[in-house]
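Heads up: the structure comes next, in structure tokens.
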Amino acid sequence: MRARAARFPVQRASSVAEKIALIDYGAGNLHSVHNALKAAGAEGVIITSAADVVRGADRIVLPGVGSFKACAEGLRGLDGVVEAMTERVHEGGIPFLGICVGMQLLAARGLEHGETAGLGWVPGEVRAIKTTDPAIKVPHMGWNDVALSAAARTDTLIETGEAYFLHSYHFAADDPQHIAAMTDHGGRLVAAVAKDTMLGVQFHPEKSQAYGLGLLSRFLEWAP
């Protein structure tokens, strides 16, 4: 695993004053993501745990660190937020970005600390990483390549490059059409999934320097 940062040119999004709901459910590095969104051009970021705010959002960002089980329980513990997210994304068609465990929660279920239901928005499950090389350790931590999948949509916002990863579980998508990008850590792992107006990335754009800011900038201007 490389310890160096990748360098990519960044074109900052023109000032975006839309309401961007950054979901606070006690399981995300909110302030780092908030600062990265602002650096990418966002002006209307609202850190929120309120369903009413989510229903008024133009875009939703769901971060996540920790276990799948704890994150799923924390999100469902917010009164009406999952329902509001579902309403805005599936009925309203607004752009959605899931980061790390926030991406994993798109799956139907996670197998960390037992089986836990996810949102079920992208068919698949979250499983423990099992490397084919015993010399390669888990967690998958540090800079690694992000490569577009053969089935990637042209509007998924993902570019080939390098990003920062930190995870011990991975998203196993049921449908290859939903895999936007891959990485390799003792075997191929999904780096990003995409479906309809939803994008989920396993890596941390807020820690991925210019590469990550470029992704966030494109997300802010994305009109799927």
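Heads up, the sequence shown is in our numbering, so the first residue is 24 and it goes up one at a time. Don't be surprised by glycine CBs; every beta carbon is placed ideally from N, CA and C. This one's a predicted model, so the numbers in the text were calculated from it and none came from an experiment.
With 16 other Cβ atoms within 10 Å as the buried cut-off, status of residue i
i: Gly115; result: exposed
i: Lys218; result: buried
i: His190; result: buried
i: His57; result: buried
i: His208; result: buried
i: Ala246; result: exposed
i: Ser97; result: The sequence shown places Gly at residue 97, not Ser. Gly97 should be labelled buried.
Residue i versus residue j: straight-line alpha-carbon distance, rounded
i: Met108; j: Ile83; result: 8 Å
i: Val88; j: Asp47; result: 12 Å
i: Arg111; j: Asp156; result: 43 Å
i: Gly103; j: Ile152; result: 32 Å
i: Arg99; j: Val105; result: 6 Å
i: Arg150; j: Met221; result: 21 Å
i: Pro118; j: Ala233; result: 22 Å
i: Gly137; j: Ala73; result: 29 Å
i: Leu120; j: Gly210; result: 25 Å
i: Val68; j: Leu128; result: 21 Å
Residues near residue i by beta carbon distance below 7 Å, same chain, minus five either side
i: Ala174; result: Pro199, Gln200, Ile202
i: Met126; result: Phe194, Val216, Gly223, Val224, Gln225
i: Leu239; result: Ala59, Leu60, Ala63, Pro228
Whole-angstrom C-beta distance between residue j and residue i, which should lie under 8 Å
i: Tyr11; j: Gly165; result: Outside the displayed span of the chain (24 to 247) sits residue 11, for which this structure offers no information.
i: Ile122; j: Pro146; result: The Cβ separation is near 20 Å, so there is no contact.
i: Gly133; j: Gly143; result: Going by Cβ atoms, the distance from Gly133 to Gly143 rounds to 11 Å, so no, they are not a contact pair.
i: Ala80; j: Ala44; result: 4 Å
i: Thr183; j: Ala170; result: 6 Å
Test: residue i CB closer than 7 Å to a CB of chain C
i: Met126; result: Included in the structure is just one protein chain, with no chain C present.
ask   = Can we say the region 158–169 touches the region 83–94, given the rule of at least three CB pairs closer than 8 Å?
value = Short answer: they don't touch.
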